[in-house]
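Protein chains in written order, with the numbering used here: chain A, 1 to 500; chain B, 1001 to 1226.
Have a look at this one:
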């Protein structure tokens, strides 16, 4: 496909911005200046000052001589680039590919975008009027190459849209400055009386190279489209991204739902063809006031099931704040995974952890109450009861060792052992009775002790001697004494669990 | 009242409860329905945990997965292995609010791939149980509700209300230690069935009604005597 580029030139980027911030500057000539070698040098002027003949690069004292009422504002270094970046991000609504052209321009790759606005003319008009109504003095042009569009936007006088393959013709009447040449080259051209590009375009290349260097030929080739020009995008292009601009700003939940559904349909169709599924997705809404709102979802298993993904988003729609309205919706899938081709249910899906239905249920739960609430445990190689299980991060993990059931373990385990009072025969016999929560339990049957040592490489402290006891009511408990019997009755006893 | 479906013959396998199953209509344990358990003290919660895992053992026989939803869970997963349930096939959802527990329970009950869903909460009312019951009927997933703080034992739409309490274990004469877990299983309410009370022991990987045990002892004694 023939590439098309638009360039936008902000003629007074910094001063326009300052005038927006400080309305009192709107109708007075002012300049932005920076200290340089003990004098103030102008870095930017506004339209009124420019019409008085004041140009960037002049010294403030000279400018004051020309126009005594001139106001001076201190420059903020780096502000211009920051502004340009913000404007570039704002322009994402017109095309996904935007590049910065410092200090005062933007390059938009508009291939395949303009028809959405009803042709290039309407597209360019929309961009320019929007930016102008925001207070920026802009000029823009569209051409097949970045070079031609750049030249036409700065120096063109006839029309801003250059038809496909028409760049050579359009460039003929422009001055050599339109080719983005080095200042020395421009000066030399000026001296030789080559005032327009038509004057030297037909000179043999070897002559041009000898007199003006390879750089000039490269610029000429780039403008004419004989050589590709690499452009670096401001925003990384997501490989799985779909966009949906809306005619009217969307403010209702139903409107957002429709947008989510339409975007999912497009994206999932594409993913299905490529045998891929979404693991995480971000839905962004670009609001009229320039803010971006977003909601993101994640899945346990890669999925391109529109119904399921929609349900995940549906849970979060209430968190979006449309404010005055959303004008562009973008759905991105930063993480996609291969889905092995599956047979469509000839036999109903097998129950188990690999079941897609279960994964979808867990996604919904994680979406509503948070993924940290879902736990699945695998055995861990520790005897210490609190460490004998570990949390599994994936529902597909298999236990690496067998679950042990050779030692009694309680059904209910207290998160922290609770202190109890005990009467126990010395030295190592199970207790005869114990008091827990103001209730006395007489031990009728007991098993133990089972000594579990501290893992000294993990933490310090006493070992535990566990007893499995049954009281007069037939209720079964897991008690332990902390440390060895020490003879002075200061041993501490704890209850740690309840058996079935 | 929306239909409480009669059990589909052949579809429901025995859950190994022996004579207790006879208390239910058609003598089949009602799967695809909500069962309610009283779980007032931690001791009773432990007894419920053991008894339910015994039932899960049978429900998950075909490789199903179950969900355990609760607010402040104290269940210790490795203990499930004693009752024949692989603890890694149980997914625990630990929530903060009772409302979320009910929502999660209903979502899970709508999901046909599960073997069972268990939820622990303080109290549940008629409307909430009915919602759960309708969801369970659609998906044929069995649900267990553990009520830890039943103020009044108000009516619910559950098919059965169980009250499990621990019983003293018994050992062979002169042997030390603690025997197999035993429970007194009370069915306080059964829809279209007969409430009753049974004594059950869990040993050798299955439920054994105590009457059967006594008989076994008797016959061995007769053999010895004979």
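Cβ coordinates follow ideal geometry from the N, Cα and C atoms, glycine included.
> With which residues is residue 1066 of chain B paired in a DSSP beta bridge?
Replying inline: B:1090 and B:1116
> Which chain A residues sit within Cβ distance under 7 angstroms of residue 943 of chain B?
Replying inline: One cannot answer for residue 943 of chain B here, as it falls past the ends of chain B, which runs 1001 to 1226.
> Which residues of chain B have a Cβ atom closer than 9 angstroms to the Cβ of residue 390 of chain A, listed in chain order?
Replying inline: The contacting residues do not exist; residue 390 of chain A stays about 11 angstroms from chain B at best.
> Using Cβ-Cβ distances below 9 angstroms, what residues of the segment 1095-1117 of chain B are close to chain A?
Replying inline: 1095, 1096, 1097, 1100, 1103, 1104, 1107, 1108, 1110, 1111, 1112, 1113, 1114 and 1115
> Using the beta-carbon of each residue, which ones in chain A are nearer than 7 angstroms to residue 1043 of chain B?
Replying inline: 475 and 498
> Going along the segment 428-460 of chain A in order, which residues come within less than 8 angstroms of chain B, judged by CB to CB distance?
Replying inline: 444, 445, 446 and 447
>> Could you compute how far the alpha carbon of residue 416 of chain A sits from the alpha carbon of residue 495 of chain A?
In response: 9 angstroms
> Would a C-beta distance cut-off of 8 angstroms place residue 213 of chain A and residue 185 of chain A closer than the cut-off?
Replying inline: yes
> DSSP three-state call for residue 150 of chain A: helix, strand or coil?
Replying inline: helix
>> Taking DSSP's pairing of strands, which residues face residue 456 of chain A in a bridge?
In response: Answer is none; residue 456 of chain A lacks a bridge partner.
> Count the other CB atoms within 10 Å of the CB of residue 36 of chain A; is the residue buried (16 or more) or exposed (fewer)?
Replying inline: exposed
> How long is the line joining the alpha carbons of residue 1144 of chain B and residue 1053 of chain B, rounded to whole angstroms?
Replying inline: 11 angstroms
> Going along chain B, which residues have a C-beta under 9 angstroms from residue 393 of chain A?
Replying inline: Those within 9 angstroms of residue 393 of chain A in chain B number zero; the least Cβ separation is about 13 angstroms.
> Just the Cα atoms here: how many angstroms apart are residue 348 of chain A and residue 355 of chain A?
Replying inline: Model confidence at residue 348 of chain A stands at a pLDDT of 49, short of 50, so the residue's coordinates are unreliable; what they give is reported in the following sentence. Approximately 10 angstroms, taken between the alpha carbons.
> Are residue 34 of chain A and residue 43 of chain A closer than 8 angstroms when you measure CB to CB?
Replying inline: yes
> Expressed to the nearest angstrom, what Euclidean distance is found between the alpha-carbon atoms of residue 329 of chain A and residue 294 of chain A?
Replying inline: 10 angstroms
> If you check the beta carbons only, do residue 235 of chain A and residue 331 of chain A fall under 8 angstroms apart?
Replying inline: no
> Listed from N- to C-terminal order along the chain, which residues in the segment 1168-1181 of chain B have their beta-carbon within a distance smaller than 9 angstroms of any beta-carbon of chain A?
Replying inline: 1168, 1169, 1171, 1176, 1177, 1178, 1179 and 1181
> Is residue 420 of chain A closer than 8 angstroms to residue 485 of chain A when the C-beta atoms are compared?
Replying inline: no
> So, helix, strand or coil for residue 274 of chain A, using DSSP?
Replying inline: coil
>> With a threshold of 7 angstroms on Cβ separation, who are the neighbours of residue 435 of chain A within its own chain once the five nearest residues in sequence on each side are excluded?
In response: 420 and 421
> How would you list, in chain order, the residues of chain B whose beta-carbon sits under 9 angstroms from the beta-carbon of residue 414 of chain A?
Replying inline: 1042 and 1074
> Taking 8 angstroms as the CB-CB limit, is residue 1196 of chain B close to chain A?
Replying inline: no
> In terms of DSSP beta bridges, what is residue 1186 of chain B paired with?
Replying inline: B:1163 and B:1197
> For residue 129 of chain A, does the three-state DSSP call read helix, strand or coil?
Replying inline: helix
> Roughly how many whole angstroms lie between the Cα atoms of residue 180 of chain A and residue 118 of chain A?
Replying inline: 31 angstroms
> What separation, rounded to the nearest whole angstrom, lies between the Cα atoms of residue 1043 of chain B and residue 258 of chain A?
Replying inline: 52 angstroms
> In the structure shown, what three-state DSSP assignment does residue 432 of chain A receive?
Replying inline: coil
>> Using a Cβ-Cβ cutoff of less than 8 angstroms, which residues in the same chain neighbour residue 451 of chain A once the five nearest sequence positions on both sides are dropped?
In response: 463, 464, 465 and 466
> Looking at the structure shown, is residue 236 of chain A part of a helix, part of a strand, or coil, going by DSSP?
Replying inline: coil
>> Can you tell me whether residue 228 of chain A is buried or exposed? The criterion is at least 16 other CB atoms within 10 Å of its CB, across all chains shown.
In response: exposed
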